[in-house]
Amino acid sequence: MPKTYTKNTMKQAIEGKLRRHFSREPGEASKEQIYEACALVIRDTLADHMIETQNQVEQNKERQVHYLCMEFLVGRSLRNNAYNLGLLGPMRDALADMGVDLSDLFEEEADPGLGNGGLGRLAACYMDGMATIGVRATGYSIRYEHGIFKQKIVDGEQVELPDSWLETGAVWQIPAMDDVREVRIGGNVNTYWNDEGKLVVEHTDYTPVLATPYDMPISGYKTDNVSTLRLWEASSPIPLDMSLFSRGEYLKAVEKHAMAEVISMILYPEDNHIEGQSLRLKQQYFLVSATIQDICAKHKAQYGTLENFARKHILHINDTHPVLVIPELMRILMDGENMGWDKAWNIVSQCVAYTNHTVMPEALECWPIELMQSLMPRVMMIVNEINERFCKELWNYYPGDFNRISKMAIVSDGVVRMAHLAIAGSFSVNGVSELHSDILKEKVFHDFYHISPAKFRNVTNGIAHRRWLCEANPELTGLITELIGDGFITHPSELQVLRTFGEDKKVLDRLAEIKRHNKERLAAYIKEHNGIEVNLGSIFDVQVKRLHEYKRQMLNILHILYLYNKIKDDPSAEFVPRTYIFGSKAAPGYVVAKRTVSLINSIANKINNDPDVGDKLKVVFIEDYKVSLAEMIMPAAEVSEQISIAGKEASGTGNMKFMMNGALTIGTMDGANVEICQAVGEENIFIFGMNAKEAENLAEGGTYSPMSIYNSNPGLRRVLDQMRDGFGDGKKYDSLVKMLLQGNGGPADKFMSLADFDSYVKAQERVSQMYLRPENWNYMSLMNIANSGRFASDRSIAEYAKNIWKVHTDFAY
Ligand code: 26Q
Numbered sequence: 006m007p008k009t010y011t012k013n014t015m016k017q018a019i020e021g022k023l024r025r026h027f028s029r030e031p032g033e034a035s036k037e038q039i040y041e042a043c044a045l046v047i048r049d050t051l052a053d054h055m056i057e058t059q060n061q062v063e064q065n066k067e068r069q070v071h072y073l074c075m076e077f078l079v080g081r082s083l084r085n086n087a088y089n090l091g092l093l094g095p096m097r098d099a100l101a102d103m104g105v106d107l108s109d110l111f112e113e114e115a116d117p118g119l120g121n122g123g124l125g126r127l128a129a130c131y132m133d134g135m136a137t138i139g140v141r142a143t144g145y146s147i148r149y150e151h152g153i154f155k156q157k158i159v160d161g162e163q164v165e166l167p168d169s170w171l172e173t174g175a176v177w178q179i180p181a182m183d184d185v186r187e188v189r190i191g192g193n194v195n196t197y198w199n200d201e202g203k204l205v206v207e208h209t210d211y212t213p214v215l216a217t218p219y220d221m222p223i224s225g226y227k228t229d230n231v232s233t234l235r236l237w238e239a240s241s242p243i244p245l246d247m248s249l250f251s252r253g254e255y256l257k258a259v260e261k262h263a264m265a266e267v268i269s270m271i272l273y274p275e276d277n278h279i280e281g282q283s284l285r286l287k288q289q290y291f292l293v294s295a296t297i298q299d300i301c302a303k304h305k306a307q308y309g310t311l312e313n314f315a316r317k318h319i320l321h322i323n324d325t326h327p328v329l330v331i332p333e334l335m336r337i338l339m340d341g342e343n344m345g346w347d348k349a350w351n352i353v354s355q356c357v358a359y360t361n362h363t364v365m366p367e368a369l370e371c372w373p374i375e376l377m378q379s380l381m382p383r384v385m386m387i388v389n390e391i392n393e394r395f396c397k398e399l400w401n402y403y404p405g406d407f408n409r410i411s412k413m414a415i416v417s418d419g420v421v422r423m424a425h426l427a428i429a430g431s432f433s434v435n436g437v438s439e440l441h442s443d444i445l446k447e448k449v450f451h452d453f454y455h456i457s458p459a460k461f462r463n464v465t466n467g468i469a470h471r472r473w474l475c476e477a478n479p480e481l482t483g484l485i486t487e488l489i490g491d492g493f494i495t496h497p498s499e500l501q502v503l504r505t506f507g508e509d510k511k512v513l514d515r516l517a518e519i520k521r522h523n524k525e526r527l528a529a530y531i532k533e534h535n536g537i538e539v540n541l542g543s544i545f546d547v548q549v550k551r552l553h554e555y556k557r558q559m560l561n562i563l564h565i566l567y568l569y570n571k572i573k574d575d576p577s578a579e580f581v582p583r584t585y586i587f588g589s590k591a592a593p594g595y596v597v598a599k600r601t602v603s604l605i606n607s608i609a610n611k612i613n614n615d616p617d618v619g620d621k622l623k624v625v626f627i628e629d630y631k632v633s634l635a636e637m638i639m640p641a642a643e644v645s646e647q648i649s650i651a652g653k654e655a656s657g658t659g660n661m662k663f664m665m666n667g668a669l670t671i672g673t674m675d676g677a678n679v680e681i682c683q684a685v686g687e688e689n690i691f692i693f694g695m696n697a698k699e700a701e702n703l704a705e706g707g708t709y710s711p712m713s714i715y716n717s718n719p720g721l722r723r724v725l726d727q728m729r730d731g732f733g734d735g736k737k738y739d740s741l742v743k744m745l746l747q748g749n750g751g752p753a754d755k756f757m758s759l760a761d762f763d764s765y766v767k768a769q770e771r772v773s774q775m776y777l778r779p780e781n782w783n784y785m786s787l788m789n790i791a792n793s794g795r796f797a798s799d800r801s802i803a804e805y806a807k808n809i810w811k812v813h814t815d816f817a818y
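Sequential numbering from 6 applies to the sequence shown in the working numbering.
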């Protein structure tokens, strides 16, 4: 059990930090200083446990999981850590004594944006799960100086501002200067056979980059097991001393210096899309090389050899972004340890496991051969060798089938296909929901599945329910605890017991009352930040996620305009009031997405200021959507919009957060929605639209004809015509309409929004009708909460541990 504090010892500890770190008496300290003092008190406890955990792993020679990901969207830490350590109470009381409100203090902390969306947040939820159920895990990523941009909406348009999270975020990070590594980028490679018949590899003229690790302790719930998130910072070891160099050499030195320093400067803000910049590839190699060197150096120090490496380590790669672990570990085993190819390959392919997060063709990484060659010449030689051997093996399966073999090759058409490298060099490939894993097996990676079916698995995503339910929604957590006890905090499947309260009117009323309070909190935020007064009796209907065509924010918008027209046509007709809430960042270079942000704001402006509409309909765009805002929005939501075109959303995790907080889903049969539907039953969810097979058939048959839908559906036609002309603010959206109807040069809207429009309208009508029957609505809400336990990340991690990593956990799900 972690160290405990009483109110008084906590107060002493905070005051001590204020004196020693800031030379301040409590009465003179700023809020920021008090925040930092609290963080330091908690960090001390965590740092002790982190070291103890690391010592235990070493002493007991335990097998460890190394989770590599280019993104960790960790969210704020103070509340989470205090909660996990059971210190929220003493801290709240100690601060109250000092005249400070703890909840206020939480707002002092920067929300670190070291990720784009789902993939990065999943990695963070998994760190929580691993720490809690006792998986010995270390996460590795980059310490981006600037995380995802801050979004401002200026005149309805998205403007990107830099995010400088380190100002208050650095307090959780402990530099480990004795683990600094050197990563070598670019240069030339010479190989020759020496007198003893060994291959010697000489790497010259490279740019050295120093990788300095900063460790963030990651707490688990009520456990001494503390994991580490190791964030690498890049810097240059090359001094800029003009006197030492002739002019030419000086410039070369400056170039190398700058190249190194820039590597950890920014996070690429694209999600599910790849631009192919060389800096991104350098970042990927930087993360991989520093991490593998680190793991190997520690292993060698402990065991004196890398021969037993595969027994002791799992290298889990979160999507293909860190896939260079495969050739990099080969390089170290062969060039550094003198192992032969086969021995090294056995080790590598027994410890790498790969999770795929996308089927979108534009998000499957392919890097030009020349670029890889120039940035990592030795690694590229190894990739070529892996490719040759792999193709030979394929020849045994498909003799003479050149076509298929070149389709499956790792290096082909001038590029390296990272997913093929990941599959060839790993022992496990998994998708993130049942549907997605099936699509991988049947379509995207079918040929690979055919030759090694046992490699392919599914682990459906999960969310850290302690953060997303217990901490984000304390009032609901209080009610649940009162009804079923607090066992669900560590055993989320126990939420099922809530089903027995389905007929209990008092419980359902309490549920509604809690939702109301959470809506009030969000409404106050909206009033303050958007200046919009929302109707607390309206349905809070929320779509928060990255802006992407496949996620179809557009479908939501079309429907809102359709409702608006209904009100305009007959202002006195009965209407179930709604507040539509959006939150979404668009990648800065993604023109359609940015135009859509602008469209939502134009529509909001029009509808919110129309006296005919009053409080029947409001549209709110919440600026700068991020983890800390999500923690306020999810508990207040009543309808969760999960309306991607079926077959494209690998899983979704927002859908799980909403469900767990009692929102009802309106969604397509896509990603984890399918399993949510299974879990709650069709009667407790609003499913609409084509399923994945139907969508695929329509797309592949080439029969999707948005023009004929436009011509035959007057309501929809009217909406699209309005969009074309704009909403009175001087902006026109004809380019978006054109994209929906005709495509811009290519085929019309790949994501076929219009095909699902009718079915969506009908499902929305069912939502409204159900809202008129609060007892039914509240029952459905309770069923969603009760059946959400299987979407806790504790369950996902238990499955990874048992089925893929083969590591011990302290408890099973
Ligand atoms: C890659 C190379 C170069 C630049 C950017 C990227 C890049 C960055 C981020 C590619 C993809 C991403 C993010 C992908 C992502 O978030 N996928 C989501 O993963 C979630 C967790 O599994 C799923 O729930 C979502 O369905 C999936 O879209």
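Glycine included, C-beta positions come from ideal geometry on N, C-alpha and C.
Residues sharing a beta bridge with residue i, DSSP
i    : result
L210 : For the record, residue 210 in the displayed sequence is Asp; it is not Leu. DSSP lists no partner for D210.
I322 : L73, Y359
V205 : Y197
V624 : Y585
C371 : R422
F691 : I671
M221 : L234
S240 : L215
Q647 : G672
G436 : N463
N179 : Correcting the residue type first, residue 179 is Ile in the shown sequence and not Asn. DSSP, once it has assigned bridges, lists D220 as partnering I179.
F545 : T584
C-beta contact flag for residue i and residue j at 8 Å
i    : j    : result
L171 : E201 : no
A101 : M15  : no
A753 : A697 : no
F663 : A642 : yes
I190 : Y219 : no
K12  : P95  : yes
I415 : F432 : no
A216 : V194 : no
N678 : N660 : yes
S656 : G676 : yes
I494 : R471 : yes
Which listed residue (the options) has its alpha carbon closest to that of residue i
i    : options                : result
G152 : S269, P244, Y145       : S269
A591 : K8, E114, Q156, E57    : Q156
R722 : L759, G467, T708, A349 : L759
I537 : I681, Q683, V625       : V625
S294 : V267, H362, L380       : L380
V259 : V267, T465, T363, L245 : L245
G84  : L604, N478, P616       : The sequence given here places Arg at residue 84; Gly does not occur at that position. Closest option to R84, Cα to Cα, is N478.
Q64  : N613, D49, I19, R141   : R141
D763 : G419, G731, L563       : L563
F314 : Y290, S283, C356       : C356
E41  : Q61, E20, T58          : E20
S607 : R336, K532, Q163, K556 : Q163
Y569 : S717, Y585, D160       : Y585
D168 : L513, L376, E112, L119 : L119
Supposed contact pair residue j and residue i - C-beta distance, whole angstroms, cut 8 Å
i    : j    : result
P404 : G192 : Not really, about 40 Å apart at Cβ, beyond 8 Å.
H278 : Y595 : 7 Å
M55  : V231 : 4 Å
L703 : Y715 : L703 to Y715, Cβ: 16 Å. No contact.
P582 : K532 : At roughly 17 Å, the Cβ-Cβ gap does not stay under 8 Å, so P582 and K532 are not in contact.
V188 : Y197 : Going by Cβ atoms, the distance from V188 to Y197 rounds to 24 Å, so no, they are not a contact pair.
Closer than 7 Å: residue i CB and nearest ligand 2 heavy atom
i    : result
L552 : By its list of ligands, the structure shown excludes ligand 2, since it contains just ligand 1.
Quiz: which residues have CB nearer than 7 Å to ligand 1 non-hydrogen atoms
M75, E76, N121, G122, G123, L124, G125, L127, Y273, E275, D276, N277, H278, I279, E280, R285, D324, H326, H362, T363, A368, E370, V437, N466, E654, A655, S656, G657, T658, G676
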